[in-house]
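> Next up is a structure, given as structure tokens.
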Amino acid sequence: MKSLLLSRRDLDFLLYEWLRVDELTSRDRFADHSRETFDAVLELSEQLATRYFANHNKLNDANEPTFDGEKVTLIPEVKQAWDAFAQADLLAMSMPQRFGGAQLPVTVAQAATAWFFAANVATTGYIMLTAANANLLSRFGTDEQIEAFLKPMLAGRFSGTMALSETQAGSSLADILTRAEPQDDGTYRLFGSKMWISAAEHELTDNIVNLVLAKIPGGPPGTKGISLFIVPKYLPGADGAVGERNDVVLAGLNHKMGQRGITNTVLNFGEGVHTPGGKPGAVGYLVGEPHRGLSYMFTMMNEARLGVGMSAVALGYTGYLKALQYARERPQGRPITAKDPTTPQVPIIEHADVKRMLLAQKAYVEGGLGLLLYCSRLVDVQESAGSAEERDAATVLLDMLTPVGKSWPAQWCLAANDLAIQVHGGYGYTREYDVEQHYRDNRLNPIHEGTHGIQSLDLLGRKVPARGGAGMAALGAEIGRTIADAAALGGEIASQAAQLDATWQRLVAVTGEMFTSGDLEAAMANSAVYLEAFGHIVVAWIWLQQALAAHGRDGDFYDGKRQAARYFFRYELPRTGPQLDLLASLDRTTLEMRDGWF
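Numbering of the sequence shown is given in our numbering, commencing with residue 24 and proceeding in unit increments.
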């Protein structure tokens, strides 16, 4: 029976027929692998996700974590899922071998992780944050920190989080107040509070490794004065054991609309509930150099942003598959041309508007999955590049696509979940069916790891002008190669290539006009519109690449790919025309709105 989590056939197409990830094994970093090892990991992931994660997705939603003032309690199935994942050594699947990792391509690891996101995004959140934490420490941690914290995380004994936000600062990290006071022994004592910290209190693991942003007194103001610290729940003991309780205290749990199964916490540091070593303050260990914490944390944040994008895709994908199954099984109504009410009803998939909704979902989720796997392959090229030039080219392109990889799926795969509910009709609005939970779970993704608006400011304000527009040029060159390949084939795919070319050139021209207008305030006021148009153009490019990979191949699967590409070019890409017109006009409607007018 086909899975209702993801389509393995689609994953195989994207990984092997389009991205050709098996060719990565010719690079030294991945030489120990083959398609056989890739397939084994994907098969194992599907099995574990189905058995240990999907089995408690609704239970997790109905029984969110509780806090009695001393201890957080989760349903036991979360621990069983964590242990199954850790015992399969999947926490280290893409980590370097020198740390005990399998050194799999990130593209394969992300595809494997998508199974778990689709099965149970809340439980998978504990894993995603731990993996991202471990990756950061693998790059910037000392040998002692790697032994004390990284290796136990990869073994599943410890878990990890990142603690950025504060109540008064939110996403404005320049305004954080948590301070880190240096001690004579080289450690620091932290004092402050952090808000919206996922997975920062539970009993799943022996220890929780918090990566905390704080300011060392006397440092530069704003973001230039932020440093990064390891602040564990328990201090390291002798021989890898867990030692004394650190002064990291749970102030309370936040109660969310969705993703209810993962704890979301308010943490207090150094409030005196515990006094490690008989002194006030939470013990912290500096990561890297002082005042460079934000640049280190962005390593984890960028990885987490792509993880958010993948979780959005996976939730949209499983909702689409469930809506598709429902539409095939639910009889209702008759064809428009049928006049005899005694004729049998037809499955609702036969109705044109249901086909429209399903086709839109397919275009969003398969396009989004392609985008995230493409970004993952850029990470693999970075890690295995044969030259500095190749590494730099992949980095420039990945930097450009990261805000899109986070925000486009968070917007449009959420729209897919909305359509999945609509396909179910009234049943979709009940808790007996999964699709309403998928929507609630996915609604977080446009918010966390940087809201849609923050990603748009990052794209237009930072990534587009960076290095003299190198990112735009690099992306334009890649799009141009795809357009040339499609144009050479003639027919419909060449027409799609011409449409993409004209839209991309229009985007480039409008971008130039925005930056040369001298009205930067108006340009940035409409950055969210820019990101939406930019993302749709990028995903049109991803669909053109998929259409190229399917070209000349017969069968329902490939016909479905061609039809989804056709839908995207006819229904979705034209959305960008009015958006680009608005951007070119440097419209000031939102800027000129006043508080009293609302």
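All residues carry an ideal CB built from backbone N, CA and C; glycine is no exception. Because the structure is a prediction, the values reported are computed rather than measured.
Is DSSP giving Ala54 helix, strand or coil here?
Looking at Ala54 - three-state DSSP - the assignment turns out to be coil, as it is neither helix nor strand.
> Given Ala197, which residues of its chain have a CB within under 7 Å of its CB, disregarding the five upstream and five downstream residues?
Contacts found: Gly245, Thr246.
> Note down, one range per segment and in chain order, each beta strand (DSSP E) of at least 3 residues found wholly within the region 237 to 309.
As far as the region 237 to 309 is concerned, its whole beta strand (DSSP E) runs of at least 3 residues are 249 to 255, 257 to 259, 265 to 268, 271 to 276, 287 to 292, 305 to 309.
> If the criterion is Cβ atoms closer than 9 Å, does the pair Tyr343 and Lys385 meet it?
Yes; because the gap between Cβ atoms is below 9 Å, this pair is in contact.
> Taking buried to mean at least 16 other C-beta atoms within 10 Å of its own C-beta, is Tyr308 buried or exposed?
By the neighbour-count rule (16 or more Cβ atoms within 10 Å), Tyr308 is buried.
> Return helix, strand or coil for Thr184, following the three-state DSSP convention.
Here Thr184 sits in strand by DSSP.
> Among the candidates Phe557, Thr366, Ile372, whose CA atom is the shortest distance from the CA of Lys429?
Ranking Phe557, Thr366, Ile372 by Cα distance to Lys429 puts Phe557 first.
> Could you tell me the alpha carbon to alpha carbon distance between Val561 and Tyr211, rounded to whole angstroms?
C-alpha separation (whole angstroms): 45 Å.
> Could you tell me if Trp620 is buried or exposed, where buried requires 16 or more neighbouring beta carbons within 10 angstroms of its beta carbon?
Its Cβ having fewer than 16 others within 10 Å, Trp620 is exposed.
> From Pro303 to Pro99, what distance separates their C-alpha atoms?
About 35 Å.
> In terms of alpha-carbon separation, which member of Gln126, Ala77, Asp112 lies closest to Thr48?
Thr48 has its Cα closest to that of Gln126, out of Gln126, Ala77, Asp112.
> Would the beta-carbon of Gly409 be found less than 8 Å away from any heavy atom of the ligand FAD?
In terms of ligand content, the structure shown is empty, and the ligand FAD therefore cannot be addressed.
> What is the DSSP secondary structure of Tyr456, counted as helix, strand or coil?
Tyr456: coil per DSSP, three-state reduction.
> Please tell me whether Leu605 and Ala546 are closer than 9 Å, where the distance is taken between their beta carbons.
No, Cβ-Cβ distance for Leu605 and Ala546 is not below 9 Å.
> Grouping DSSP H, G and I as helix and E and B as strand, with all else coil, what is Gly14?
Nothing can be reported for residue 14, as the shown portion of the chain is limited to 24 through 621.
> Might you give, ordered along the chain, the residues of its own chain that have their beta carbon closer than 7 Å to the beta carbon of Arg50, omitting 5 neighbours on each side?
So the list reads Ser407, once near-sequence residues are dropped.
> Based on the DSSP secondary-structure assignment, which residues constitute the bridge partners of Ser204?
Looking at the sequence shown, residue 204 is not Ser but Glu. For Glu204, which the question treats as bridged, DSSP gives the partners Arg212.
> Count the other C-beta atoms from every protein chain shown that fall within 10 angstroms of the C-beta of Lys94, then say buried if there are 16 or more, exposed otherwise.
Exposed: under 16 other Cβ atoms inside 10 Å.
> Take Val272 as the anchor and find which of Gly300, Val310, Ile220 has the nearest alpha-carbon.
Nearest of Gly300, Val310, Ile220 to Val272, Cα basis: Ile220.
> May I ask you to list the residues that DSSP assigns as paired with Phe90?
Answer is Val95, bridged to Phe90.
> Buried or exposed for Gln569, going by 16 or more other Cβ atoms inside 10 Å?
Buried, since its Cβ has 16 or more Cβ neighbours within 10 Å.
> Whose C-beta lies closer than 6 Å to the C-beta of Met116 among residues of the same chain, with five residues either side of it excluded?
Once the five neighbours on either side are set aside, the close Cβ partners of Met116 are Ala125, Leu127, Ala132.
> Give me, in chain order, the residues of the same chain whose beta-carbon lies closer than 7 Å to that of Ala154; leave out the 5 immediate sequence neighbours on both sides.
Leu114, listed in sequence order.
> Since I believe Lys486 is in contact with Met537 (beta carbons under 8 Å), could you give me their beta-carbon distance rounded to a whole number of angstroms?
Not quite, the Cβ-Cβ distance comes to about 14 Å (not below 8 Å), so this is no contact.
> What residue range is occupied by the uninterrupted alpha helix (DSSP H) comprising Arg353?
Unbroken run through Arg353: none, as it is neither H nor E.
> Do Leu28 and Trp138 have their CB atoms nearer than 9 Å?
A contact, by the Cβ cut-off of 9 Å.
> Kindly indicate the opening and closing residues of the alpha helix (DSSP H) around Pro3.
Look at the range of the chain in this structure, 24 to 621, and you will see that residue 3 is not part of it.
> Quick test of your reading: Gly316 and Ile249, contact by CB under 8 Å. State the CB separation rounded to the nearest angstrom.
Contact flag correct, Cβ pair sits at about 5 Å.
> Check whether chain B comes within 9 Å of Thr322, counting only Cβ atoms and requiring the distance to be less than that.
Annotation note: the requested chain B is absent from the structure, which comprises a single protein chain.
> Label Tyr149 either buried or exposed according to how many other C-beta atoms from any shown protein chain fall within 10 Å of its C-beta, with 16 as the threshold for buried.
So Tyr149 ends up on the buried side.
> Would a C-beta distance cut-off of 9 Å place Asp84 and Ala141 closer than the cut-off?
No, the pair does not count as a contact, with Cβ atoms beyond the cut-off.
> Give the single residue among His314, Ala517, His297 whose Cα lies nearest to the Cα of Ala588.
Comparing Cα positions, the closest option is Ala517.
> Report the start-end ranges of each alpha helix (DSSP H) in the region 117 to 204 that is 4 residues or longer and not cut off at the edges.
Fully enclosed alpha helix (DSSP H) runs of 4 or longer: 129 to 142, 144 to 163, 174 to 177.
> Helix, strand or coil: which one does DSSP assign to Ile470?
The answer is coil: DSSP assigns Ile470 none of H, G, I, E or B.
> Could you have a look at Val622 and say whether DSSP puts it in helix, strand or coil?
Outside the shown range of the chain, which is 24 to 621, sits residue 622, and nothing can be said about it.
> Could you check what DSSP says for Pro370 in three-state terms: helix, strand or coil?
DSSP places Pro370 in strand when its eight states are reduced to three.
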